[in-house]
Amino acid sequence: MVRLGLCCVFKTQPIRFRRATARHLKQFDRKEQLRRLSEIGLDNAEGLFQAISFCHEMGIGAFRVNSQILPLMTHPDVGYRIKDLPMGVEIVKRFRRSGELARSRSIRLSFHPDQFVLLSSPNPSVTRNSIAELSCQALIAQWIHADVINIHGGGLYGDRPQALLRLEKEILSLDEPIRSRLTLENDDRSYTPETLLPLCRNTGVPLVYDVHHHRVNPDRLSVSEATALARETWNREPLFHISSPRNGFQGSAPRQHHDFIDPADFPACWSGFDLTVEVEAKAKEEAVLKLKKDLFG
DNA sequence: AGCGGTCAAGTTGAT
DNA sequence: ATCAACTTGACCGCT
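Pasting the structure below:
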């Protein structure tokens with residue numbers, strides 16, 4: 056009923072994803088930049104295949120793809136399109152192969168773009184860059200059959216209702232490949248489930264319910280109320296997040312993630328229905344496997 | 001081989 | 001004013 060998901064990287068398994076920095080690439084001419092980015096893309100597509108294989112072998116039912124899997128694609132100076140890469144065709148083939156593996160093994164794939172991707176900003180260039188980034192992730196998501204691209208509400212900019220209005224307007228004007236995958240997650244500072252749920256209902260965008268964020272940044276909803284309301288926003292299997300605080304909820308930094316998940320933090324009401332739970336814990340695959348054992352034996 | 005500085009991007013709140 | 005935190009450290013130049 057519940058499938059647990061691993062986020063982005065491995066602690067023990069020798070599966071690594073490569074990255075690049077724009078600063079470093081700038082010393083090379085364009086052809087060499089594209090050659091290097093092509094190599095990284097090819098390696099990362101292969102790494103994704105290995106990640107999915109590992110998840111299947113270990114009974115991990117979901118995997119979050121890190122947002123730098125094709126690094127610097129939207130960078131103003133060194134950015135590129137797939138067809139610019141010398142191995143572009145092969146890269147797409149490898150991603151599709153990884154996607155077919157995920158589909159055949161029922162491994163659910165998701166994206167979580169980084170903190171710069173914001174649809175509530177009053178700054179048009181921030182929004183423009185965010186949509187460009189979302190387009191790239193949606194492109195990869197189509198290749199690999201990922202059904203979730205998850206972002207936060209973003210900033211409040213001193214006026215939550217206005218920020219929510221901008222967010223809603225931007226969501227409704229997104230292209231279908233993005234909008235059909237986009238989800239919103241309650242965060243630990245600005246947007247609780249209660250503040251996002253009306254927007255989710257209006258736009259059809261599902262709520263990724265993060266119970267740790269909700270405990271750190273609560274509203275009038277109980278965990279079981281938020282769970283039930285979040286479930287209603289999904290037209291497919293819901294996807295939620297779990298993590299445990301490094302030094303307890305009463306400590307000075309309750310937001311920091313622990314290496315593992317305390318099974319007591321896993322809500323009792325998260326059972327009895329199909330659900331994906333992405334595990335946000337520093338010990339990565341070890342934490343997922345330990346939680347799986349603690350919960351399900 | 002190992003270490004420390006650095007990396008495109010936004011926003012918030014603790015210090 | 002500065003800085004860590006946010007879904008995730010990896011890369012590079014130096015010794």
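With this note's numbering, letter number 124 in the first sequence gets 179, and the count goes up by one each step, no holes.
Using N, Cα and C, we set each Cβ at its ideal position, and we do this for glycine too.
The model shown is predicted, which means the values in this text are computed figures rather than measured ones.
The residue among R291, N184, E249 and L220 with its C-alpha nearest the C-alpha of R236 is R291. A check of alpha carbon separations from M142 across S93, D230 and K148 identifies S93 as the nearest. According to the DSSP assignment, L125 belongs to no alpha helix (DSSP H), since it is labelled neither H nor E. Residue pairing by DSSP places C324 in no beta bridge whatsoever.
When DSSP reads this structure, N205 sits in a beta bridge with T238. Rounded to the nearest angstrom, the Cβ distance from A201 to G210 is 26 angstroms, too far for a contact under 8 angstroms.
Around the CB of V144, fewer than 16 other CB atoms lie within 10 Å, so the residue is classed as exposed.
In this structure, the beta-carbon distance from I162 to C110 falls below 7 angstroms.
Looking only at W198, S180 and I206, the smallest Cα-Cα distance to L189 is reached by I206. In the DSSP assignment, G60 is bridged to A117 and E333.
Under the 8 angstroms Cβ criterion, the segment 119-126 counts as touching the segment 155-172, having at least three qualifying pairs. In the DSSP assignment, L164 falls within the unbroken beta strand (DSSP E) covering R163 to F166.
Annotation for H267: the continuous alpha helix (DSSP H) segment containing it runs V266 to V271. Secondary structure note for I297: its beta strand (DSSP E) is the uninterrupted segment L294 to I297. For P248, same chain residues with a beta-carbon under 8 angstroms away, outside a window of 5 residues either side, are N241, L262, Y264, H269, D274, L276, A281, L284 and A285 in chain order. With fewer than 16 neighbouring CB atoms inside 10 Å of its own CB, S228 falls in the exposed class.
In the displayed model, L262 falls within a strand according to three-state DSSP.
Take the alpha-carbon of V133 and the one of L97: they are about 17 angstroms apart.
No Cβ-Cβ contact shorter than 7 angstroms links L61 with E231.
Under a 10 Å Cβ-count criterion, E87 is classified as exposed, with fewer than 16 other Cβ atoms of the shown protein chains found around its own Cβ. Rounded to whole angstroms, the gap between the alpha carbons of G259 and F328 is 21 angstroms. Scanning its chain for C-beta atoms nearer than 6 angstroms, with the 5 sequence neighbours on each side dropped, one finds around C63 the residues R119 and N121, in chain order. Here the alpha carbon of R183 sits roughly 21 angstroms from the alpha carbon of I124. The secondary-structure analysis by DSSP pairs P300 across a beta bridge with H312. Linking H130 to A319 through their CA atoms gives a straight-line distance of about 42 angstroms. Apart from sequence neighbours up to five positions away, the residues of its chain that approach A100 with a beta-carbon distance below 7 angstroms are I146, R149, F150 and S153, ordered along the chain. When the five nearest sequence neighbours on each side are left out, the beta carbons in the same chain lying within less than 8 angstroms of the beta carbon of Q197 are those of P232, in order along the chain. Counting along the chain, W289 sits inside no alpha helix (DSSP H), nor does DSSP assign it H or E at all. For P179, the enclosing alpha helix (DSSP H) stretches over residues P179 to I199. In the DSSP assignment, S153 falls within the unbroken alpha helix (DSSP H) covering G143 to S159. Per DSSP, reduced to three states, the secondary structure at T250 is helical.
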